[in-house]
Each structure stands twice: as structure tokens, then as C-alpha cells.
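In what follows, a structure is listed as C-alpha cells, so that the remarks can point back to it.
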Amino acid sequence: MPNVQSLRCKECGRDYPQEPIYVCDFCFGPLEVNYDYDAIAKNISRESIQDGPLTIWRYDELLPASRDNAVSIGAGMTPLLKAENLGKELGLNNLWIKNDAANPTHSFKDRVVSVASTKAVEFDFDTIACASTGNLAGATAAHGAKAGMNTMVFIPSDLERGKILGAAVFGSVVLVNGNYDDVNRLCSELGDDRRWAFVNINMRPYYSEGSKSIGYELAEQLGWRAPEHVIVPVASGSLFTKVYKGLQEFAQLGIIDSADTKMHIAQPFGCSPVAKAFVEGQAHPKPVVPDTIAKSLAIGSPADGMYSVGIANKTGGSGTIVPESEISEGMKLLAETEGIFTETAGGVVISTLRRLAREGVIGPDEETVALITGTGLKTLEAIADSVETVTIDPTIRSFDEVVTGAAVS
Amino acid sequence: MPFRRVKFVFKTERIKSPVIYELGHKFEIVTNIRRADIDSENGWVILELEGAVDEIERGLEWVREQGSEVQNLDGDILAG
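Chains A and B, in that order, are what the protein sequence lines are. Using numbering that gives the first Met the number 0, the first residue of the first sequence is number 0, and each one after it goes up by one. Using numbering that gives the first Met the number 0, the first residue of the second sequence is number 0, and each one after it goes up by one.
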């Protein structure tokens with residue numbers, strides 16, 4: 000890509016060529032894509048973006064792979080919905096829901112995997128791989144199928160059947176006998192041993208850039224401005240840092256006037272190392288062993304946790320630890336007010352939003368976006384105990400008795 | 000010989016202990032510090048360890064027993 004100058008170490012600033020590498024040889028800092036913003040500024044405009052496809056690839060000037068090679072199943076340009084009902088419930092008059100459950104495999108992971116798989120093609124890999132317990136598995140399997148690549152999706156063998164099938168339908172899934180640590184270790188070893196494009200190992204610098212597209216879309220869909228608040232569910236912290244980066248890049252390039260968005264961390268009690276570090280004033284999150292129903296946020300050792308804490312502090316944001324019992328409450332609240340069935344991570348976001356509104360961290364008229372990263376259909380077990388149904392006999396009499404409560408003579 | 004990239008986080012009471020020196024002497028492990036930030040109260044060190052897989056595992060377990068945190072520098076790979 001002509002717009003990419005190098006990979007650059009986030010810690011020591013050393014530059015590397017664009018290769019499938021992810022860590023600085025010298026200081027072991029993470030590598031990040033380094034763009035030539037002067038060149039990009041000459042080519043990008045609101046109009047050029049609007050002329051692009053209705054996918055993340057409309058922002059290809061700011062992505063590390065070419066639109067011409069794009070492995071795309073239509074990720075991106077998901078709805079940004081004015082949440083008037085939920086807003087009324089929470090006392091927020093300017094609330095928006097970014098619904099990334101509307102992506103092709105029903106989560107934001109399609110964005111990052113679309114970029115990673117495109118880059119894998121450009122690097123001439125024949126195999127794409129990931130280790131996942133949910134959304135990433137489906138996204139990688141689907142994009143691998145679209146790209147015509149061999150696909151290796153590693154999943155703990157005790158994962159719920161529905162999640163396994165949701166990825167296996169696209170092609171090869173490898174079930175690993177062992178716990179999360181075992182799968183982590185195996186994939187780390189395979190990442191060193193095999194010439195594969197491992198989306199969240201050697202493809203990580205490119206993969207993570209896909210999340211910036213959420214920041215771009217928020218700005219575009221709001222009428223070319225940055226919101227005052229964004230609430231983001233945090234797992235590794237990559238999504239959090241890249242949404243922020245996307246907004247900052249748009250401001251830097253003059254696509255929007257400014258980006259003074261306050262970035263808010265949302266984590267569940269059972270896995271909250273990043274929010275806890277923020278609350279306790281620590282720069283470095285302390286790793287934890289996850290024990291949460293929000294499986295998509297169960298990253299106990301978050302690679303971008305420290306950077307997320309830094310951004311929350313720098314922007315005047317916050318860190319919220321949501322009790323596990325409030326996760327399904329948040330899911331139900333969003334479903335009952337806005338007709339959106341979110342995954343558990345979304346429940347964490349909505350419960351965080353409710354707390355921030357109550358505490359006055361978010362003012363009633365401040366423009367706020369809650370980021371919904373995936374669909375609840377993949378985590379039905381999370382709301383099984385909190386959703387009520389009624390059963391009737393197939394008669395009007397029974398309907399009146401049970402449902403309407405009408406007196407029956 | 001295999002390599003591992005790890006981060007040690009020291010609590011205040013361990014700041015004065017020569018943990019890395021002892022790790023290199025008690026075990027067949029070569030330690031190579033790449034980045035660190037240590038003051039009188041807290042500290043972390045990012046380093047590369049070279050040695051047999053089992054020896055590194057034993058060495059890291061010993062570091063944990065000394066009261067220091069050991070983190071995999073790449074973070075968790077298994078994602079949601």
C-alpha cells in the first residue's frame with residue numbers, strides 16, 4: 000500500500016518493513032501500522048469516501064491493504080440508530096446505538112478479519128488461522144472460505160455446540176482438548192512453527208486496524224463529527240484503542256473538525272483488569288483469570304490494556320466494572336427498548352451506560368454512542384433464566400385467562 | 000533453544016530482591032532484559048528467556064513463588 004510507510008514500534012519508535020511480524024525485536028513493544036498522512040490527505044475527502052463501497056473498504060486510504068484485493072463479505076457500514084426509547088429510560092436525549100451485530104457473521108470481528116485476510120492474501124499465505132471461543136471463529140472461518148484459503152480455527156472442545164457449529168459451517172474447525180490456557184499455548188507454538196497467517200498473532204498489526212472503521216463510521220453517520228462519548232466493551236483493548244485512533248485520524252486529516260470524544264471502558268466484574276486499573280489509578284492492568292458470562296470479553300491478560308487505560312485517562316473518559324448480574328439486565332433493557340438483541344458484551348455496555356448516566360458522567364444532552372459488538376443469538380444461555388414466557392392451550396378461553404387476564408364466565 | 004517473551008511485575012516488598020540474577024543461576028535459563036520501569040515502590044521488567052521449555056516453565060514457577068507476577072507478553076491469543 001502506498002499509504003503505509005512502515006510498521007512502527009509503539010514503544011521505541013523503531014521502524015520495520017511491512018511483513019507478517021508483530022513485535023519489536025529490540026524492546027518487544029507491539030508494532031503498529033505507520034501511515035504517510037501527508038499522502039493520504041491529498042487523496043481522501045468526504046466525497047471520495049462517500050463514493051466508495053458500503054463496507055469498511057470505503058476507508059481504504061486508511062487501511063493497510065488494498066481495496067482491489069479486498070476479501071470482503073460486506074463487513075462495515077452497520078446501522079447507527081437513534082435510541083430514543085432507551086434514551087428516555089436513562090435520561091439521555093442524544094443517545095445512539097452502533098449496531099455491529101449487523102455485520103455478516105454478526106459481530107465487529109468481520110471488520111478486523113476482512114483486513115487480516117486481505118493482508119494474508121497480499122503476503123501470499125495459503126492458510127489463515129485463529130484461536131477463538133466465539134465471534135472471531137466465525138469471522139475467520141467465513142473470510143477464509145471467501146478467500147479460498149485453508150482455514151484453521153482452534154476452539155476449546157468443551158465450547159457450546161452452537162458456537163462450534165456457527166464456525167464449522169464455513170469449513171475446518173479444530174477442537175482442542177484442553178482449557179483456555181492450553182489452547183493459548185498451542186496456538187502460540189503453532190504461530191512460531193507454521194507459516195500461517197494467524198489473524199491475532201503475526202497479522203495483529205494489520206488485523207487491529209480494521210477496528211478503526213468503527214470510528215470513521217461513527218463520524219460519517221453522525222454527519223461528519225465525533226460524538227462526545229463512546230462506550231466500548233473491552234477485552235484485549237485493541238477495539239478501544241482503534242476506535243479512538245479512527246476518530247483522531249479523521250480530525251488530523253480534516254475530515255472532521257475535531258475529535259474530543261471521551262472514551263469509556265466497559266468490563267464485566269468477572270474479567271475487569273483494564274477498568275480496575277483505571278479506577279485504581281494504575282497504568283498497567285494486572286492479569287486475572289476470567290470468570291464471566293461475557294465470554295467475548297474474557298481476556299485476562301489484555302495486550303492493549305495499558306494503552307486503553309491511557310486513552311481513557313487522556314480523553315476524560317472512565318472505567319466501569321459491571322456486576323455480572325447486571326449483564327443480562329443490560330441485554331434485556333436494550334432488547335425491550337430498541338429491539339436489538341445484543342450479546343453479553345453489549346449487556347455490559349448498556350449497564351455501563353446506565354451507570355454513567357445515573358452518576359452524571361454523561362450529561363442529558365451530550366451526544367453519546369454505545370457500541371454493540373455482536374448478536375445475542377450466539378449467547379442465548381446468558382438470558383435463559385431472565386426471560387419469561389407464557390404457555391396457553393390453543394383456545395381463546397385459555398388465551399383470555401392466561402394472557403389478558405380477562406374474567407371468564 | 001526456545002525463547003519466551005515475558006514480563007515480571009514486582010511488588011514493593013520484592014523490589015530489592017535480585018530475582019532475575021537468581022533465575023539465571025538457579026535454572027539453565029539465559030535472561031535478556033529489553034525494557035524496564037522500576038522505582039522504589041513498583042517495577043516491571045520485560046525480558047527474553049532462552050532455555051529448554053520445561054526449564055523455562057520451572058523457572059517461571061519459581062519467580063511466581065517469589066511473589067512476582069509473570070505475564071505472557073503477547074497477551075491472550077484466544078479471543079471471543
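Even glycine gets a Cβ: it sits at the ideal position worked out from N, Cα and C.
Pairwise C-alpha distance: residue j and residue i
{"i": "Glu12/B", "j": "Arg160/A", "result": "47 Å"}
{"i": "Ser65/A", "j": "Ser113/A", "result": "11 Å"}
{"i": "Gly375/A", "j": "Thr403/A", "result": "29 Å"}
{"i": "Ile298/A", "j": "Val69/B", "result": "16 Å"}
{"i": "Phe124/A", "j": "Val152/A", "result": "15 Å"}
{"i": "Val8/B", "j": "Asn41/B", "result": "8 Å"}
{"i": "Glu64/B", "j": "Lys25/B", "result": "14 Å"}
{"i": "Met76/A", "j": "Asn102/A", "result": "8 Å"}
{"i": "Trp50/B", "j": "Trp43/B", "result": "Sequence check: residue 50/B is Gly here, not Trp. Rounded to whole angstroms, Gly50/B to Trp43/B spans 21 Å at the Cα level."}
{"i": "Cys26/A", "j": "Ala130/A", "result": "26 Å"}
{"i": "Ser307/A", "j": "Tyr179/A", "result": "24 Å"}
{"i": "Leu59/B", "j": "Val233/A", "result": "28 Å"}
{"i": "Glu24/A", "j": "Ser67/B", "result": "Glu is not the amino acid found at residue 24/A; the sequence shown has Asp there. Near 25 Å, if we compare the C-alpha coordinates of Ser67/B and Asp24/A."}
{"i": "Asp50/A", "j": "Lys145/A", "result": "24 Å"}
{"i": "Pro204/A", "j": "Glu387/A", "result": "44 Å"}
{"i": "Ser16/B", "j": "Ile55/B", "result": "20 Å"}
{"i": "Leu355/A", "j": "Pro226/A", "result": "16 Å"}
Per-residue DSSP class, three states only, for residue i
{"i": "Arg353/A", "result": "helix"}
{"i": "Phe277/A", "result": "helix"}
{"i": "Val112/A", "result": "helix"}
{"i": "Trp223/A", "result": "coil"}
{"i": "Thr240/A", "result": "helix"}
{"i": "Leu379/A", "result": "helix"}
{"i": "Ala369/A", "result": "strand"}
{"i": "Pro272/A", "result": "helix"}
{"i": "Val18/B", "result": "helix"}
{"i": "Arg13/A", "result": "coil"}
{"i": "Phe340/A", "result": "coil"}
{"i": "Val8/B", "result": "strand"}
{"i": "Asp256/A", "result": "coil"}
{"i": "Tyr21/A", "result": "coil"}
{"i": "Ala101/A", "result": "helix"}
{"i": "Ser131/A", "result": "strand"}
{"i": "Phe197/A", "result": "strand"}
Other residues of its chain near residue i: CB distance less than 6 Å, five sequence neighbours each side excluded
{"i": "Gly23/B", "result": "Thr30"}
{"i": "Leu332/A", "result": "Ile349"}
{"i": "Val401/A", "result": "Val389 and Ile391"}
{"i": "Thr104/A", "result": "Gly137, Ala138 and Ala141"}
Neighbouring residues, chain D, relative to residue i (Cβ below 9 Å)
{"i": "Ile39/A", "result": "No chain D appears in this structure, whose protein chains are A and B."}
8 Å Cβ shell around residue i - same chain, five flanking residues per side excluded
{"i": "Asn176/A", "result": "Ser156"}
{"i": "Asp73/B", "result": "Arg4"}
{"i": "Ala40/A", "result": "Leu252 and Gly253"}
Contact belief for residue i with residue j at Cβ below 8 Å, rounded distance in angstroms
{"i": "Ile55/A", "j": "Arg110/A", "result": "5 Å"}
{"i": "Thr117/A", "j": "Ala196/A", "result": "The Cβ separation is near 10 Å, so there is no contact."}
{"i": "Thr260/A", "j": "His228/A", "result": "7 Å"}
{"i": "Val409/A", "j": "Pro267/A", "result": "Because chain A here runs from 0 to 408, residue 409/A falls outside it and cannot be looked at."}
7 Å CB neighbourhood of residue i in its chain, flanking five on each side removed
{"i": "Leu352/A", "result": "Leu89, Ile230 and Ala369"}
{"i": "Leu158/A", "result": "Thr132"}
**Request:** May I ask you to verify whether the region 31-45 of chain A touches the region 250-263 of chain A, counting CB pairs closer than 8 Å and requiring at least 3?
**Result:** Touching, yes, given that three or more Cβ pairs across the two stretches are closer than 8 Å.
**Request:** Flag this pair as touching only if the region 161-174 of chain A and the region 189-199 of chain A have three or more C-beta atom pairs under 8 Å; answer yes or no.
**Result:** Not touching, per the Cβ criterion.
**Message:** Whether or not the region 204-217 of chain A and the region 225-242 of chain A are in contact is what I'm after, with contact meaning three or more pairs of Cβ atoms, one per stretch, closer than 8 Å; do they touch?
**Reply:** A contact is defined here as three or more CB-CB pairs under 8 Å, and the region 225-242 of chain A meets this definition with respect to the region 204-217 of chain A.
**Request:** Tell me, please, whether the region 71-90 of chain A touches the region 24-33 of chain A by the rule of three or more beta-carbon pairs shorter than 8 Å.
**Result:** No, because fewer than three Cβ pairs between the region 71-90 of chain A and the region 24-33 of chain A fall closer than 8 Å, the two stretches do not touch.
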